[in-house]
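Reading through the structure tokens given below for one structure.
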Amino acid sequence: MRTMQTLLTLHTDSVGFRLRPALRACLALGMSIAVSACASTRIDLPESSEAGPSDLLGRVQRLEVSSDDTLIDLARTHDLGYLELVSANPEVDPWVPGEREILLPTAFVLPPDPRDGIVINLASQRLFLFRKGEDARSFPIGVSRDGWKTPVGATKVVRKKKDPSWYPGPTARKDYEDLGSVVPPGPDNPLGTHAIYLGWQAILIHGTNEPYGIGRRVSRGCIRLYPEDIVELFPLVDKGMPVRVENEPILVGWLDGELYLEAHLTMDQATVFEEERKLTPVDPPTDLRERIERAAGDQVARIDWERVNLVVSERRGIPTRITNPLVTAQPSAPSVLDTLRALFSNRAVAQPADASLVSRP
Numbered sequence: 008m009r010t011m012q013t014l015l016t017l018h019t020d021s022v023g024f025r026l027r028p029a030l031r032a033c034l035a036l037g038m039s040i041a042v043s044a045c046a047s048t049r050i051d052l053p054e055s056s057e058a059g060p061s062d063l064l065g066r067v068q069r070l071e072v073s074s075d076d077t078l079i080d081l082a083r084t085h086d087l088g089y090l091e092l093v094s095a096n097p098e099v100d101p102w103v104p105g106e107r108e109i110l111l112p113t114a115f116v117l118p119p120d121p122r123d124g125i126v127i128n129l130a131s132q133r134l135f136l137f138r139k140g141e142d143a144r145s146f147p148i149g150v151s152r153d154g155w156k157t158p159v160g161a162t163k164v165v166r167k168k169k170d171p172s173w174y175p176g177p178t179a180r181k182d183y184e185d186l187g188s189v190v191p192p193g194p195d196n197p198l199g200t201h202a203i204y205l206g207w208q209a210i211l212i213h214g215t216n217e218p219y220g221i222g223r224r225v226s227r228g229c230i231r232l233y234p235e236d237i238v239e240l241f242p243l244v245d246k247g248m249p250v251r252v253e254n255e256p257i258l259v260g261w262l263d264g265e266l267y268l269e270a271h272l273t274m275d276q277a278t279v280f281e282e283e284r285k286l287t288p289v290d291p292p293t294d295l296r297e298r299i300e301r302a303a304g305d306q307v308a309r310i311d312w313e314r315v316n317l318v319v320s321e322r323r324g325i326p327t328r329i330t331n332p333l334v335t336a337q338p339s340a341p342s343v344l345d346t347l348r349a350l351f352s353n354r355a356v357a358q359p360a361d362a363s364l365v366s367r368p
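Just so we're aligned: the sequence shown equals residues 8 to 368 in my numbering.
Pasting the structure below:
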């Protein structure tokens, strides 16, 4: 991993964000950064986190890259999917980024409750693992390509297998005429080294022998992980573990009294963006305002709706604060009558609070 800017203070992960061990020291909550170049969204993450539950994991990071780098290589190095890294840096050529700074979108709004077992979000192309009493974990995934679908809904793990064999279906054998009825374990097996079988027929969570497909729409419905990630996930998954698959591009969550919004490309947008590097406009969800108001509760007056609209239109997949900071009201100045009373009673007059202590947006 290349050296981060000095403004990034390295911590251990204080909010339970679990990635590969080599990256854990570089991930923690914190940091407020302004996105430059073509986008104007401000990415606000607090400098510290209070103890207690949080709807966010990780932190957004900045990374200096060179002309020798490519985003597809950097994505794997930092345990990100290709499309989520490209979406976070739409102004950057993914193959020739040049000498510049990029954003690593290594902060995530957690999926809504229930947070139990495996939760997969097809829109964010992320798998979350929740085990009772343990830190949450998150992994980038490859998902179904155009024309194929991963079921949305609830199922469970029915079995798992190290060094699995692959039994290609009729469509796969039609696409690849040299395929036999079974592909044994080994480097040519697209299931990789480990497979987790679900209650849905022919839908698996597995590794891959083509890691550059992670963070892209490439599969026939299965969920793919980097080879190193499936090795980490495999022993943490038990038979009967619940699995929920959702397709939710818009996520909202709280952290330290601030509400954050994370907006991803829709599946159709993702297909066009990957092929043409073009962001096709889509209408926001019809219930967007209702969902944000419901999440905000009695803090709804603090919502910055202009920022909401910007985040949803840009769809960069980065959690962004959408609440305006709380403003501490100054005590009112003493009245003339209070001043006279204080003078005649030889008591000091209370002074208004120092304006420099007042919190401002």
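Glycine is no exception: its CB is placed at the ideal position from the N, C-alpha and C atoms. On a predicted model such as this, the values are computed, not experimentally measured, just so you know.
query	result
Integer Cβ distance of Thr-330 from Arg-309, believed to fall under 8 Å	4 Å
Sub-8 Å separation of Asp-86 and Pro-147 beta-carbons	yes
Delimiting residues of the alpha helix (DSSP H) encompassing Tyr-89	89-95
C-alpha distance - Leu-286 paired with Arg-322, whole-angstrom precision	9 Å
8 Å contact criterion, which Ile-221 and Tyr-233 should meet: CB distance rounded	5 Å
Under the three-state DSSP convention, the category Pro-249 falls into	strand
Burial state of Thr-113 (16 or more Cβ within 10 Å)	buried
Limits of the beta strand (DSSP E) - the one that Ser-131 falls within	Careful: Ser-131 lies outside any beta strand (DSSP E) and carries neither H nor E.
Rounded Cβ spacing between Gly-105 and Ser-74 (contact assumed at less than 8 Å)	5 Å
Runs of alpha helix (DSSP H) lying entirely within the stretch 138-211, each at least 4 residues, in chain order	177-182
Close beta carbons around Ser-131, own chain, < 6 Å, minus the five adjacent residues each side	His-271
Cross-strand partners of Thr-327 (DSSP beta bridge)	Leu-268
Buried/exposed call for Tyr-267, threshold 16 Cβ in 10 Å	buried
For Gln-68, the residue or residues it bridges with in DSSP	Leu-111
N- and C-terminal bounds of the alpha helix (DSSP H) containing Ile-237	234-240
Status (buried if at least 16 other CB within 10 Å, exposed otherwise) for Thr-215	buried
Contact between the stretch 163-179 and the stretch 190-206 (3+ Cβ pairs under 8 Å)	yes
Closest residue to Glu-108 among Asn-96, Pro-119, Val-116 and Val-159 (Cα-Cα distance)	Asn-96
Where the alpha helix (DSSP H) through Leu-81 begins and ends	78-84
Under 8 Å between C-beta atoms of Ile-125 and Leu-117	no
CB contact flag (Val-72, Ile-325, <8 Å)	no
Beta-bridge partners of Ile-127, as assigned by DSSP	Leu-134 and Val-252
Alpha carbon of Gln-208 to alpha carbon of Thr-178, nearest angstrom	15 Å
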